[in-house]
Each structure stands twice: as structure tokens, then as C-alpha cells.
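Residue numbers in the sequence shown follow the working numbering, run continuously in steps of one, and reach 244 at the last position.
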Amino acid sequence: MERYAHLMDIAALSGFSIRLALAIILGFFVGLERQWTKHQAGILTNVIVCVGAYAYTAFSFVINQDNTDLTRVAAQVVSGVGFLGAGLILRDGTNIRGLSTAATIWTTAAIGILCTLPKVLYAVIVAAVVVVMHLVLHPLSNKINKLRSYDKEKRAKDECMYKISVTCLDNFEVDIRAHLMSALKDARDIILHNLESSETDDGNTKIRAYVSAAKKNDEAIENVLNRIGKDEGILRAGWNIINE
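Printed below as a string of C-alpha cells:
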């Protein structure tokens with residue numbers, strides 16, 4: 001290996017070219033996965049980022065290989081690529097798109113920097129890990145999202161909507177509304193969505209409460225009516241399911 005060590009000398013044209021070729025190859029494979037899965041930044045973008053990061057870092061070796069501050073150069077590269085990655089992040093309503101692609105671009109720059117190290121195997125390992133993570137974790141993430149979506153749809157399907165109607169004398173409306181809200185607040189797994197009052201033809205007041213339960217729970221609704229049913233001023237009280 002020592003016999004061919006000079007070939008990897010980054011200050012020499014041969015070593016610079018070999019490492020440049022490696023940066024192109026590694027950037028290509030990372031970008032291939034992105035383009036194959038139809039993401040924004042594909043082969044061309046990842047190759048350019050990897051080559052650019054390599055070139056900026058290699059510049060320090062070429063001009064003065066005995067006095068090289070790689071950490072400072074790497075920090076500047078990371079900052080520059082950070083702005084590039086920010087341009088890939090898009091907001092679509094409540095969803096954020098492009099985060100994984102931006103992170104990939106950021107990591108591709110790190111691969112380019114690693115190509116300047118004496119042991120280029122580090123760059124190969126990082127590139128391989130990035131590709132494998134995308135191939136394995138992306139489908140796994142999609143599967144988890146589908147399971148969450150299915151669970152959300154199932155809960156929505158099981159949800160039961162109720163309408164509670166209470167007719168009372170007009171001058172007792174405020175007290176009965178307050179008592180009804182208190183009873184609903186104490187009821188387990190019952191959510192109040194709307195509470196409204198209207199005047200009836202005979203001059204009384206009709207209070208309507210629209211509530212939901214995670215699943216059909218007639219007993220809980222009946223308990224609410226039992227709590228307020230004996231209040232003074234109530235003429236009629238009842239409930240019905242409105243989403244069957």
C-alpha cells in the first residue's frame with residue numbers, strides 16, 4: 001500500500017483527481033436514490049454539492065498542505081450548503097416538504113469533505129449509510145404514517161355525535177346553560193362542539209348542545225341529562241344521535 005501512497009496525495013494532481021472522481025461517484029449514488037424516488041435534488045445536484053465541498057476543502061491542501069485548518073473550511077462549507085438546503089424546503093399547507101432532501105444535500109457536502117481525508121474509506125462509509133437509510137427508513141416511515149392515518153380514520157369512523165335538547169323557561173336559561181356545560185365538562189370522553197339557544201313558539205327557550213364521544217356512549221349522555229334534569233325551570237330534556 002505504501003508503494004502507491006503517493007497516488008492518493010491530494011496535493012499532487014493524481015491524488016487530487018482520484019479523490020475528485022471518488023467524490024463524483026459517491027455523490028452520484030446518493031443522488032441516484034433521490035432521483036429514483038422522484039425527489040427534488042437528484043444526481044446532478046448531489047454530484048455538484050459533493051464536488052464543490054471537496055474542491056473547497058482540497059484547496060487548502062493544494063495551496064499550503066503543511067498549514068491546513070480543515071475545521072474552518074468545513075464550517076464555511078456547511079454554512080453555504082445550509083442556505084442551499086433551505087431553498088429545498090417547501091411549505092404545502094400544514095405540511096413541510098423537502099426536509100429529507102435538504103438533509104441529504106447537507107450530508108452530501110460532508111461526504112465531499114471526507115474525500116480529502118487520508119483515509120477515504122470514511123467517505124465511502126457515510127455515503128453507503130445515507131443510501132441505505134433512505135432505502136430502508138423511507139419505506140418504514142411511510143408505513144408508520146399509513147398506520148397513523150388508518151388509526152385516525154378508524155377513530156373518526158367510531159366517533160358518535162349527539163344532540164342534547166333542553167327546553168326551559170326563559171328566565172332560567174343562564175343557570176341551565178351553565179349547569180349543562182359543567183355536566184358536559186365532567187363527563188368522561190365527551191367533547192362539547194357547540195351550544196346554542198333559541199326561543200320557542202310558546203315563549204320558552206330551547207338549548208341545544210352538540211357533543212361527540214370517541215365511540216357510542218349513550219350512558220354518559222344519559223348521566224348528563226340526569227344531572228340537569230331536576231333543575232328548576234326545565235320543561236323537557238332529551239338527546240339523539242345525529243350521525244347514524
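No residue lacks a Cβ here, since even glycine has one placed at the ideal position from N, Cα and C.
Everything numeric in this text was worked out from a predicted model, so none of it was measured.
Beta-carbon separation (whole angstroms), residue i vs residue j, contact threshold 8 Å
i	j	result
N217	D175	Their Cβ separation, rounded to whole angstroms, is 26 Å, which puts N217 and D175 out of contact at 8 Å.
L20	V51	7 Å
G246	S165	In the structure as shown, the chain starts at 1 and stops at 244, and residue 246 therefore has no counterpart that could be examined.
Y56	V73	6 Å
F28	I18	That belief does not hold up - the Cβ atoms of F28 and I18 are roughly 16 Å apart, past 8 Å.
Residue i in three-state terms, based on DSSP
i	result
K146	helix
I242	coil
H138	helix
I10	coil
E2	Low confidence applies to E2: its pLDDT is 45, below 50, so where it sits in the model is not reliable enough to give any reading.
A178	helix
N226	helix
R97	strand
C50	helix
E159	coil
Whether residue i touches residue j by CB criterion (8 Å)
i	j	result
I234	I228	yes
A209	L169	no
A41	T116	no
V131	V47	no
E173	S197	yes
A75	A86	no
I125	V49	no
S212	M161	yes
H138	T45	no
N226	K163	no
R236	I207	no
Any non-hydrogen atom of the ligand MG within 7 Å of residue i CB
i	result
E173	Inclusion of the ligand MG in the displayed structure is not the case, the ligand content being empty and no account of it being possible.
Residues that residue i bridges to, as DSSP identifies them
i	result
N194	Y210
N165	According to the sequence provided, residue 165 is Ser. The question's Asn does not apply to it. DSSP lists R208 and G238 as partners of S165.
Spell out a yes or no on whether the region 102-120 and the region 11-25 are touching, meaning 3 or more CB-CB pairs, one atom from each, closer than 8 Å.
yes
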